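Residue numbers for the sequence shown follow this note's numbering, beginning at 1 and rising by one. Where a beta carbon is used, it is the ideal one built from N, C-alpha and C, also for glycine. Keep in mind that this is a model prediction, so the values were computed, not measured. Everything on this sheet refers to the single structure shown next.
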Amino acid sequence: MKDDIRSAQAIEERQVADAWLRITTWLRCHAPATLELLRPGATEDEITALQQALGVRIPAGLKSLWRQCAGVRTVPGQGSNFLLGGWALMSFDSVTYVYREKMVSQERDGDDEFLFWRPAWIPVCSFYAADSPMGCIWTPRRAKLVAGAGSMSTGPGSSR
Numbered sequence: 001m002k003d004d005i006r007s008a009q010a011i012e013e014r015q016v017a018d019a020w021l022r023i024t025t026w027l028r029c030h031a032p033a034t035l036e037l038l039r040p041g042a043t044e045d046e047i048t049a050l051q052q053a054l055g056v057r058i059p060a061g062l063k064s065l066w067r068q069c070a071g072v073r074t075v076p077g078q079g080s081n082f083l084l085g086g087w088a089l090m091s092f093d094s095v096t097y098v099y100r101e102k103m104v105s106q107e108r109d110g111d112d113e114f115l116f117w118r119p120a121w122i123p124v125c126s127f128y129a130a131d132s133p134m135g136c137i138w139t140p141r142r143a144k145l146v147a148g149a150g151s152m153s154t155g156p157g158s159s160r
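See below:
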């Protein structure tokens, strides 16, 4: 059973890495300025530290993405839109900030009937790399990104 899980995780990691290679190859040819906005990939230590800060298990596919790119740089006066629709991959600082803010809000204002944040959700994208009024989250229940994850408070600067 554990071998099956490891095998599925390895396939997921490879699929994400292959897809990211196709994206960056296209950007290199057609949108080099956008390619320059991408942060370098995170180290295993950085991903482990983020996982510990959030207190949740980061899925294999998301770890694979973050090994390729740990967010998008913010360029003053230019913004940091990267994905279609104006989305940007969040920096690790922003991921941590938004996660903590959402958990505090849920504990303070939420209840069983009004659940707007789950501990297993991981913020990944926002409209700008350092701003997160609305975003995408990784939801393990559906094992995919979900857009429009509620009203998120503004996060810290774009540094990782």
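Check whether residue i and residue j have beta carbons under 8 Å apart
i: Ile11; j: Ile58; result: no
i: Phe169; j: Gly86; result: What the structure shows of the chain is the stretch from 1 to 160, and residue 169 is not part of that stretch, so it cannot be assessed.
i: Ala70; j: Pro32; result: no
i: Val124; j: Gly61; result: no
Exposure of residue i, with buried meaning 16 or more beta-carbon neighbours within 10 Å
i: Ile5; result: exposed
i: Ala88; result: buried
i: Val72; result: buried
i: Phe92; result: buried
i: Pro133; result: For Pro133, the predicted structure reports a pLDDT of 48, less than 50, and the residue's modelled location is therefore unreliable. A value from the coordinates is still provided. Result: exposed.
i: Ser7; result: exposed
i: Lys2; result: exposed
i: Cys83; result: It should be pointed out that residue 83 corresponds to Leu in this sequence rather than to Cys. It is exposed - the Cβ of Leu83 has fewer than 16 other Cβ atoms within 10 Å.
Cβ separation of residue i and residue j, assumed to be a contact under 8 Å, to the nearest whole Å
i: Glu113; j: Ser64; result: Rounded, the Cβ-Cβ distance is 36 Å, inconsistent with contact.
i: Ser54; j: Tyr99; result: The sequence shown places Leu at residue 54, not Ser. Indeed, because the Cβ distance is near 5 Å, the residues count as touching under 8 Å.
i: Gln51; j: Trp20; result: Not really, about 20 Å apart at Cβ, beyond 8 Å.
CA nearest to the CA of residue i, picked from the options
i: Glu46; options: Thr96, Arg108, Cys125; result: Thr96
i: Trp66; options: Gln52, Thr74, Glu44; result: Glu44
Requested in this report: Return the chain-ordered ranges of every alpha helix (DSSP H) run that is complete within the region 26-60 and spans a minimum of 4 residues.
Outcome: Counting only runs of 4 or more, we get 32-37, 44-54.
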